[in-house]
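Heads up, the thing below is written out as structure tokens.
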């Protein structure tokens, strides 16, 4: 059985470029590209250690009205040609490279990955890992400079002040997800953002707890009750005080333990707008 010969560059150039052909419907496309592709990355932690993980990418560009399609394979080439180590600066370079390679005026990349932090239990000091969902969101608009937002989902415990106030003993609590989306002034560690957020829950979470630790976190939450409104306001106060943060969105969803619905609150602020 014969096998097709490897094509040289000249042969490839002779093949028809259907995606690059003209389109007559006069409709531009806001975002076109690839979605849900996994790729290995390396992220450097605050301690200086390298963390190897796998990121899920969405990559899009704007398509002018006169082009039939974009070249999907080029998105994958950009990922495979790029260095594995990811920082804010290297992520910005990836966005610029994508827009330039695809000859687009604007582009958008989302890179989501699990990020692990080693934590010591509060009473016994036993160490374990806790995972957080981190997303870098980058975009270029109208041939401008690349901008990057950092989104992190931080799980915490919240205990209801109303339940504590009306009950003779006990109070209902639940796990809550605090989602922050931050625009920074310069560099800030992922760990710094997570620690600011965890401090504003009724109690932070740990991967491993012994009995003395479980007693500690139960009593800590009971002594520190928070409504969902309290959580987003307290995180916002922290961010307002930090000059490294230029703008933010803070969301909290409390997965209620006595209802079949969640409680939710959200604050959006651009610190440059007074």
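Numbering (UniProt numbering), first residue to last: 1 to 274.
All C-beta atoms, glycine included, are put in the ideal place defined by N, C-alpha and C.
Distance, Cα to Cα, residue i vs residue j?
i           : j           : result
residue 79  : residue 215 : 47 Å
residue 99  : residue 234 : 38 Å
residue 93  : residue 254 : 37 Å
residue 36  : residue 164 : 43 Å
residue 245 : residue 184 : 4 Å
residue 67  : residue 39  : 29 Å
residue 262 : residue 166 : 21 Å
residue 217 : residue 31  : 46 Å
residue 134 : residue 182 : 11 Å
residue 107 : residue 57  : 13 Å
residue 51  : residue 86  : 10 Å
residue 266 : residue 237 : 13 Å
residue 195 : residue 65  : 46 Å
Determine the closest residue to residue i out of the options, with distance taken between C-alpha atoms.
i           : options              : result
residue 189 : 47, 156, 74 and 158  : 47
residue 151 : 49, 271, 250 and 25  : 250
residue 89  : 220, 137 and 209     : 137
residue 208 : 131, 110 and 31      : 131
residue 169 : 199, 223 and 144     : 223
residue 101 : 60, 257 and 153      : 60
residue 82  : 42, 237, 266 and 212 : 42
residue 210 : 125, 195 and 243     : 125
So for residue i, helix, strand or coil by DSSP?
i           : result
residue 40  : strand
residue 25  : coil
residue 168 : coil
residue 222 : helix
residue 322 : With the chain represented from 1 up to 274, any question about residue 322 goes unanswered, as that position is not in the structure.
Measure the beta-carbon distance from residue i to residue j and round it to whole angstroms, keeping in mind my assumption that it falls under 8 Å.
i           : j           : result
residue 180 : residue 193 : 6 Å
residue 55  : residue 112 : 6 Å
residue 205 : residue 155 : 5 Å
residue 91  : residue 34  : Not quite, the Cβ-Cβ distance comes to about 17 Å (not below 8 Å), so this is no contact.
residue 191 : residue 45  : 7 Å
residue 178 : residue 231 : 6 Å
residue 257 : residue 147 : At roughly 39 Å, the Cβ-Cβ gap does not stay under 8 Å, so residue 257 and residue 147 are not in contact.
So the beta strand (DSSP E) residue i belongs to, where does it begin and stop?
i           : result
residue 251 : 245–255
residue 130 : 127–140
residue 112 : 107–120
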